[in-house]
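Numbering (UniProt numbering), first residue to last: 1 to 335.
Notes follow the structure.
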């Protein structure tokens, strides 16, 4: 009954947050705020896709940006070369998802047999190959210069784009939540906790890891497609290592293995970017905003060692006077 009650409370919080975000543009429709929230929703989707790898399967990847970039270029190229209509836009998202699924399957089949940092470095190498390819294939990508493109008229309105990205984030959250709570998701978490034992029980570990990689790659591709639509521009920066590191930081700060943590982490990091770059107009020292961002990250790790969501849950269990706090902490450290 206690678990049911806690789950019900969490659902109430999620619903309240969703209602607030849906109503927020009616309270404050400032253009800069709408753009900021739109970016948060998009990167929350990207961070949730990375959390499927890191938080629920225990896979560390340094090449997740290649799926983000594939979605970005699929949308950018199709909208640039064809009439920017809603069907073409939806087709571009579908093309990005299919290409990402195929690539993630191939990369997973080749590299997921490797362990720990070997896999992470190999994914970094794959991502580097795509970055070089995007730089050299100028007839398609225009290299580092990139190119602008038109978007469907319905998406030119910032408020419409706000609602589209918000609904996308909610849908992805619900789908991934169902995915992680399914029997398949439980197997992924078992792999994270103890891979040899899971394999000894008869599960084909590589098979399940590839599934996780495909799901994460497809979702990352969708976020990349939406990201370039907000900019109406795409260049090779979408394949940069910084994109993957942002997803990694969002996941760790928010709470590894908690989808809602990825959303919170995305919100905090994007807000920090916006706030610190804005302070550069106040004093020259804030032009080196990356230093202050690093300090904020260190403080977050010090005071929230299990991420914000994980640490808050631990505090809640301690206040309840149960042993769940220790168990939860052990579980997160093991993961």
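A virtual CB, placed ideally from N, CA and C, is assigned to each residue, including glycine.
Owing to the predicted nature of the structure, the values given are computational and were not obtained by experimental measurement.
Kindly indicate which three-state DSSP category residue i falls into: helix, strand or coil?
i, result
"residue 86", "helix"
"residue 147", "strand"
"residue 215", "helix"
"residue 190", "helix"
"residue 179", "helix"
"residue 196", "helix"
"residue 275", "helix"
"residue 258", "coil"
"residue 110", "helix"
"residue 171", "helix"
"residue 334", "Any reading at residue 334 needs caution, since the residue's pLDDT is 45, under 50, leaving its predicted position unreliable; the model's value is listed next. If DSSP states are grouped into helix, strand and coil, residue 334 belongs with the helices."
"residue 2", "The predicted model places residue 2 with a pLDDT of 46, which falls under 50 and marks its position as unreliable, so this point remains unresolved."
"residue 29", "coil"
"residue 11", "helix"
"residue 117", "helix"
"residue 58", "coil"
"residue 64", "coil"
"residue 325", "Interpretation of residue 325 is limited by its pLDDT of 48, a score under 50 that renders its predicted location unreliable; no figure is taken from the coordinates."
Measure the CB-CB distance between residue i and residue j and report whether it falls below 8 Å.
i, j, result
"residue 74", "residue 225", "yes"
"residue 263", "residue 255", "no"
"residue 239", "residue 127", "yes"
"residue 210", "residue 112", "yes"
"residue 261", "residue 301", "no"
"residue 98", "residue 172", "no"
"residue 274", "residue 36", "yes"
"residue 42", "residue 223", "yes"
"residue 94", "residue 150", "no"
"residue 123", "residue 58", "no"
"residue 67", "residue 217", "yes"
"residue 228", "residue 96", "no"
"residue 44", "residue 121", "no"
"residue 249", "residue 48", "no"
Report the rounded CA-to-CA distance for residue i versus residue j, giving the unit in angstroms.
i, j, result
"residue 191", "residue 148", "43 Å"
"residue 53", "residue 258", "12 Å"
"residue 188", "residue 8", "25 Å"
"residue 158", "residue 165", "11 Å"
"residue 65", "residue 244", "5 Å"
"residue 232", "residue 202", "48 Å"
"residue 14", "residue 84", "35 Å"
"residue 198", "residue 138", "46 Å"
"residue 252", "residue 299", "13 Å"
"residue 105", "residue 50", "16 Å"
"residue 153", "residue 89", "11 Å"
"residue 4", "residue 12", "Any reading at residue 4 needs caution, since the residue's pLDDT is 49, under 50, leaving its predicted position unreliable; the model's value is listed next. Cα to Cα, the separation comes out at about 12 Å."
"residue 315", "residue 136", "51 Å"
"residue 107", "residue 30", "43 Å"
"residue 17", "residue 267", "13 Å"
"residue 331", "residue 91", "For residue 331, the pLDDT reaches just 49, beneath the cut-off of 50, and the residue's location in the model is therefore unreliable, although a value from the coordinates is still provided. The straight-line gap from Cα to Cα measures roughly 41 Å."
"residue 156", "residue 24", "19 Å"
"residue 271", "residue 294", "14 Å"
"residue 110", "residue 103", "11 Å"
"residue 19", "residue 160", "16 Å"
My guess is that residue i and residue j are in contact by the Cβ rule of under 8 Å, so how many angstroms apart are they, rounded?
i, j, result
"residue 246", "residue 269", "7 Å"
"residue 69", "residue 130", "6 Å"
"residue 145", "residue 235", "7 Å"
"residue 119", "residue 34", "At roughly 39 Å, the Cβ-Cβ gap does not stay under 8 Å, so residue 119 and residue 34 are not in contact."
"residue 205", "residue 195", "6 Å"
"residue 345", "residue 39", "Since the first and last residues shown for the chain are 1 and 335, residue 345 lies out of range."
I'd like to confirm the pairing. Which residues does DSSP put opposite residue i in its beta bridges?
i, result
"residue 234", "147"
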